[in-house]
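Protein chains in written order, with the working numbering: chain D, 1 to 242; chain Y, 243 to 751.
Step one of this worksheet: look at the structure below.
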Amino acid sequence: MPSPRTPAQRTAGRLRALAGRERVLTLAGGGIVLVVLLMTLVLPYLDQQRRIATEVSQPPPLKSVSLVEIPGAQQACMDELGLLPGRQVAELHIGTYGRAPSPLLFALSGPGYAETVPVPATYVDNGLLEVPFNGPPKVLEGSVCVTNRGHTPVALYAAAESSKSRSITTVEGRLWPSNFDLAFYAAKPRSLLADAGTIMRRLRLFHAHLGLGLLWLLAILFAIGVPLGAIAALTSADTARR
Amino acid sequence: MATSGGAIEREGVRPREVVQPTLAARAAAVLRRIPTPLLVLLVIGLIEGVAWIVVLPPLQGPDEVSHFAYVQKVAETGSIPWHISSHEPARAGHAYSTEVEVAGLCSGLTGLERNPAARAPASSVDERVCFAELNRLPAGARSDGGFTSAFKNPPLYYLYEAVPYLMLHNSTFFTRAFAMRLANLPLMLALVLFTWLLAGELLLGLPRGPALRAVATAAVVLNPQLMMMTATVNPDLLLAMLWSAGLWLSVATVRHGLTRARVGWLIAVCVLAAFTQGRGLPLILPAALALAVALWRLRRPRRRVAYAIIAASVVAVLVGGYVLLHHTLRGEVTLGRTEGFLSYLWQFYLPRLGFMAPTIHPGYGIRQAFIDRFLGTFAQLEVTFSPAALNFLSRAAEVTAVAAIVGLIVHRRRLARVPWVVAVLAVGALGYLLVLHAAAYASLLEFSGDPVITGRYLLPLLALYGVGIALAFSWLPRALSALLSGAAVAGLAVLQLAALAIVLERFYA
Numbered sequence: 001m002p003s004p005r006t007p008a009q010r011t012a013g014r015l016r017a018l019a020g021r022e023r024v025l026t027l028a029g030g031g032i033v034l035v036v037l038l039m040t041l042v043l044p045y046l047d048q049q050r051r052i053a054t055e056v057s058q059p060p061p062l063k064s065v066s067l068v069e070i071p072g073a074q075q076a077c078m079d080e081l082g083l084l085p086g087r088q089v090a091e092l093h094i095g096t097y098g099r100a101p102s103p104l105l106f107a108l109s110g111p112g113y114a115e116t117v118p119v120p121a122t123y124v125d126n127g128l129l130e131v132p133f134n135g136p137p138k139v140l141e142g143s144v145c146v147t148n149r150g151h152t153p154v155a156l157y158a159a160a161e162s163s164k165s166r167s168i169t170t171v172e173g174r175l176w177p178s179n180f181d182l183a184f185y186a187a188k189p190r191s192l193l194a195d196a197g198t199i200m201r202r203l204r205l206f207h208a209h210l211g212l213g214l215l216w217l218l219a220i221l222f223a224i225g226v227p228l229g230a231i232a233a234l235t236s237a238d239t240a241r242r
Numbered sequence: 243m244a245t246s247g248g249a250i251e252r253e254g255v256r257p258r259e260v261v262q263p264t265l266a267a268r269a270a271a272v273l274r275r276i277p278t279p280l281l282v283l284l285v286i287g288l289i290e291g292v293a294w295i296v297v298l299p300p301l302q303g304p305d306e307v308s309h310f311a312y313v314q315k316v317a318e319t320g321s322i323p324w325h326i327s328s329h330e331p332a333r334a335g336h337a338y339s340t341e342v343e344v345a346g347l348c349s350g351l352t353g354l355e356r357n358p359a360a361r362a363p364a365s366s367v368d369e370r371v372c373f374a375e376l377n378r379l380p381a382g383a384r385s386d387g388g389f390t391s392a393f394k395n396p397p398l399y400y401l402y403e404a405v406p407y408l409m410l411h412n413s414t415f416f417t418r419a420f421a422m423r424l425a426n427l428p429l430m431l432a433l434v435l436f437t438w439l440l441a442g443e444l445l446l447g448l449p450r451g452p453a454l455r456a457v458a459t460a461a462v463v464l465n466p467q468l469m470m471m472t473a474t475v476n477p478d479l480l481l482a483m484l485w486s487a488g489l490w491l492s493v494a495t496v497r498h499g500l501t502r503a504r505v506g507w508l509i510a511v512c513v514l515a516a517f518t519q520g521r522g523l524p525l526i527l528p529a530a531l532a533l534a535v536a537l538w539r540l541r542r543p544r545r546r547v548a549y550a551i552i553a554a555s556v557v558a559v560l561v562g563g564y565v566l567l568h569h570t571l572r573g574e575v576t577l578g579r580t581e582g583f584l585s586y587l588w589q590f591y592l593p594r595l596g597f598m599a600p601t602i603h604p605g606y607g608i609r610q611a612f613i614d615r616f617l618g619t620f621a622q623l624e625v626t627f628s629p630a631a632l633n634f635l636s637r638a639a640e641v642t643a644v645a646a647i648v649g650l651i652v653h654r655r656r657l658a659r660v661p662w663v664v665a666v667l668a669v670g671a672l673g674y675l676l677v678l679h680a681a682a683y684a685s686l687l688e689f690s691g692d693p694v695i696t697g698r699y700l701l702p703l704l705a706l707y708g709v710g711i712a713l714a715f716s717w718l719p720r721a722l723s724a725l726l727s728g729a730a731v732a733g734l735a736v737l738q739l740a741a742l743a744i745v746l747e748r749f750y751a
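Here it is, written out as structure tokens:
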């Protein structure tokens with residue numbers, strides 16, 4: 001026959017039951033909010049199809065716009081670019097001084113690789129010019145040239161200020177003080193989740209000491225371990241004594 | 243040996259060679275002594291800190307390149323370029339060393355600064371070209387930097403960061419920059435620990451005290467601004483850590499009295515804060531008050547001496563206030579300018595009253611600084627949450643603030659029993675904010691553009707932010723408190739995930 005419980009034991013039992021109930025409630029409150037926010041906000045955000053920039057060789061300037069002027073039948077080139085494999089779209093910003101646009105030739109080249117894409121004279125003045133291309137079979141250092149195949153000049157929007165990249169721009173072989181804006185986008189929209197592998201590889205650039213496995217582990221710990229750990233810390237505190 | 247050893251063992255003590263624990267055993271013993279919630283939160287902080295360090299590209303934290311340049315100057319030249327004058331030196335030269343300039347250009351990091359259209363390096367070509375250029379640099383390319391605005395800061399943080407810089411002196415620029423960020427991790431973890439200790443002093447006496455302490459610490463460890471600053475070479479993190487330590491030591495001194503260790507550490511923390519950043523100076527206010535209260539209790543002075551001390555304190559406060567006002571108004575202490583400053587202060591927090599002139603910097607107040615910048619702005623101010631998300635955060639913060647005030651009212655009897663603890667914390671928080679506003683107003687008078695007060699400047703009060711959030715749940719029925727505090731911590735965890743996600747998108751997508 002069990003011995004009757006003392007008042008102290010009964011109080012301790014009640015406190016344990018109370019703490020247990022609070023732990024469950026903390027877990028429930030945290031769990032519900034976590035699931036709801038992850039399902040309604042975070043996952044849709046990560047899974048949203050978006051235009052992904054594979055490389056921005058020359059971003060637009062922050063303050064003052066410069067121009068790379070290409071007279072008729074002349075060519076502007078920018079070197080030291082990273083050319084990535086896969087179908088992409090090159091984006092430039094172009095002006096025609098209010099005149100009719102000229103046909104252009106967009107050319108990419110690198111060791112063992114050359115691709116040219118004719119651009120019909122259908123683009124608009126001061127608009128974005130989008131040029132789809134197939135890309136090299138592997139990552140290459142190369143250059144991009146834009147040839148004006150018409151008779152009237154065109155101008156590529158460019159940067160000469162602090163946002164100017166390391167590349168060098170020439171027009172018909174002569175040095176030009178600014179680099180034209182140039183960005184490459186994936187041909188089709190992708191989500192951040194679908195692009196996670198590429199992002200992981202980009203995170204390793206300049207940090208070869210970071211292993212890919214380590215980065216994936218960190219990503220999992222951050223995405224799953226942090227929210228679950230925070231709630232776990234709270235629930236363990238619910239049962240903790242002073 | 244056998245005889246004496248046996249005698250010792252009979253006394254319950256084993257011979258030295260047997261009891262000497264290994265390093266691992268000692269570490270395990272230390273870890274076992276850390277409360278489980280704190281240990282879990284420290285591990286969470288570590289994961290978050292490393293994640294932010296990896297994701298935020300080098301030099302993209304607030305003013306990071308300037309602070310890197312300071313560390314480089316210290317490490318490469320063995321000198322301390324602390325420039326106390328507010329004016330730049332006449333022959334400042336290039337701000338950054340050749341190495342910083344070349345690394346920033348060849349990797350694209352300079353073009354990335356504040357430019358939302360730019361992206362982080364994307365291919366191995368960037369690496370190859372950049373390393374080739376850096377390898378061609380002549381001797382002295384690391385030490386030829388001139389003057390940057392960071393040189394106006396005291397040197398403590400930069401001396402600390404010079405250690406990892408020098409340890410990896412033969413490594414690339416990028417590895418050194420990465421290691422310097424990693425050196426921030428212990429500072430962040432210490433800040434979390436001091437929050438835990440302060441929250442313990444303030445919250446353990448309340449119902450669900452241990453859980454509230456965990457809520458306060460979790461709110462701090464899940465704060466995205468803190469993690470971004472952990473991923474940035476910038477003295478603000480060290481300053482925030484020292485403020486948290488100083489506030490905890492001040493409260494502990496008031497509550498438990500003077501000990502040599504407490505006094506020594508409190509003075510040391512104040513000195514360290516003063517040598518970290520100018521915004522460390524106001525920490526002297528709560529520390530001095532705490533020491534005075536504890537000393538008063540220990541040795542209550544005679545009435546005449548007491549009056550003399552009170553009179554001297556009043557004079558000191560008045561003189562200090564005048565000096566601050568003189569600085570704030572840039573040397574022209576007139577009634578009109580003083581009114582302008584008071585009007586700016588009012589309008590920063592509250593709507594303009596009919597008789598007030600428009601503030602010196604309209605459109606920038608408590609919402610912009612305490613919500614948009616503190617909770618929702620990252621990198622070099624170009625990464626922000628959407629307006630809808632910021633509005634939601636603002637509403638949530640308002641509800642939490644009101645609930646925390648209700649908590650203070652509900653617990654007023656408990657507070658009345660510790661008036662000096664309340665006074666020390668109030669003096670610390672208000673003193674710090676007043677100094678911030680003074681610096682901001684002085685800057686606005688001169689440049690009329692930079693509102694100065696930004697999110698990271700609020701980090702010194704981060705421990706109080708955590709305690710405030712915990713207070714919001716302290717007066718609710720226990721079951722509801724448990725449910726809602728769990729929900730709040732989950733919400734803060736999602737805020738942390740979302741913040742890193744928008745940073746990831748800005749730089750890599």
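Note that the Cβ used here is the ideal one computed from N, Cα and C, for glycine as well.
At a cut-off of 7 Å between beta-carbon atoms, residue 166 of chain D makes contact with chain Y. Boundaries of the beta strand (DSSP E) harbouring residue 114 of chain D: 113-119, taken from the DSSP string. Counting along the chain, the unbroken beta strand (DSSP E) around residue 94 of chain D starts and ends at 88-95. In chain order, 226 make up the part of chain D whose C-beta sits under 7 Å from the C-beta of residue 738 of chain Y. Relative to the Cα of residue 370 of chain Y, the nearest Cα in the group D/73, D/126, D/81 and D/15 belongs to D/81. Under the 8 Å Cβ criterion, the segment 615-622 of chain Y counts as touching the segment 739-750 of chain Y, having at least three qualifying pairs.
Around the beta carbon of residue 262 of chain Y, fewer than 16 other beta carbons sit within 10 angstroms, so the residue counts as exposed. Rounded to the nearest whole angstrom, the CA to CA distance from residue 136 of chain D to residue 147 of chain D is 20 Å. Judged by their CB atoms, residue 422 of chain Y and residue 475 of chain Y are nearer to each other than the 7 Å cut-off. Its chain contains 570, 583 and 586 as the residues whose beta carbon lies nearer than 6 Å to that of residue 683 of chain Y, once the 5 sequence neighbours on both sides are disregarded; these appear in chain order. Following the DSSP letters along the chain, one finds residue 148 of chain D inside the beta strand (DSSP E) bounded by residues 140-148. The beta carbon of residue 26 of chain D sits closer than 7 Å to some beta carbon of chain Y. Nearest to residue 168 of chain D by alpha-carbon distance, out of Y/348, Y/607, Y/296 and Y/304, is Y/348.
Residues 143, 145 and 170 of the same chain have their beta carbon placed closer than 6 Å to that of residue 77 of chain D, with the five preceding and five following residues left out of the count. Taken in chain order, the unbroken stretches of beta strand (DSSP E) that lie wholly in the segment 152-200 of chain D and span 3 residues or more are 154-159, 169-171, 174-176 and 182-186. Residue 279 of chain Y is classed as buried because its beta carbon has at least 16 other beta carbons within 10 Å across all chains shown.
With a cut-off of 8 Å on Cβ pairs, the segment 298-312 of chain Y is in contact with the segment 409-422 of chain Y, counting three or more such pairs.
DSSP places residue 53 of chain D within a strand segment (E or B) once states are collapsed to three. Counted as a single uninterrupted DSSP element, the alpha helix (DSSP H) harbouring residue 416 of chain Y occupies residues 415-424. Shown here, residue 628 of chain Y sits in coil according to DSSP, grouped into three states, outside any helix or strand.
The continuous alpha helix (DSSP H) containing residue 713 of chain Y extends over residues 704-713. Contact of residue 221 of chain D with chain Y by beta-carbon distance below 7 Å involves 289.
Residue 538 of chain Y sits exposed, since fewer than 16 C-beta atoms from the chains shown fall within 10 Å of its C-beta. For the C-beta of residue 750 of chain Y, the chain D residues within less than 7 Å are, from N- to C-terminus, 199 and 202.
Secondary structure at residue 314 of chain Y: helix, using DSSP grouped into helix, strand and coil. Counted as a single uninterrupted DSSP element, the stretch harbouring residue 575 of chain Y is not any alpha helix (DSSP H), since DSSP gives it neither H nor E. Fewer than three pairs of CB atoms, one per stretch, sit closer than 8 Å, so the segment 445-463 of chain Y makes no contact with the segment 371-382 of chain Y. Contacts with chain Y at 7 Å (Cβ-Cβ) do not include residue 194 of chain D. According to the DSSP secondary-structure assignment, residue 75 of chain D is paired through a beta bridge with D/147. For residue 128 of chain D, the enclosing beta strand (DSSP E) stretches over residues 127-133. Put simply, the backbone Cα of residue 38 of chain D is about 17 Å away from that of residue 232 of chain D. By the Cβ criterion, the segment 445-455 of chain Y is not in contact with the segment 396-416 of chain Y, since fewer than three pairs of Cβ atoms, one from each stretch, lie closer than 8 Å. Distance from the Cα of residue 735 of chain Y is smallest, within the candidate group D/239, D/238, D/236 and D/221, for D/221.
The beta carbon of residue 127 of chain D sits no closer than 7 Å to any beta carbon of chain Y. Taking 7 Å as the CB threshold, residue 368 of chain Y lines the interface with chain D. Sequence-distant partners of residue 79 of chain D (beyond 5 residues in either direction) whose C-beta falls short of 7 Å from its own C-beta, in its chain, are 143, 167 and 168.
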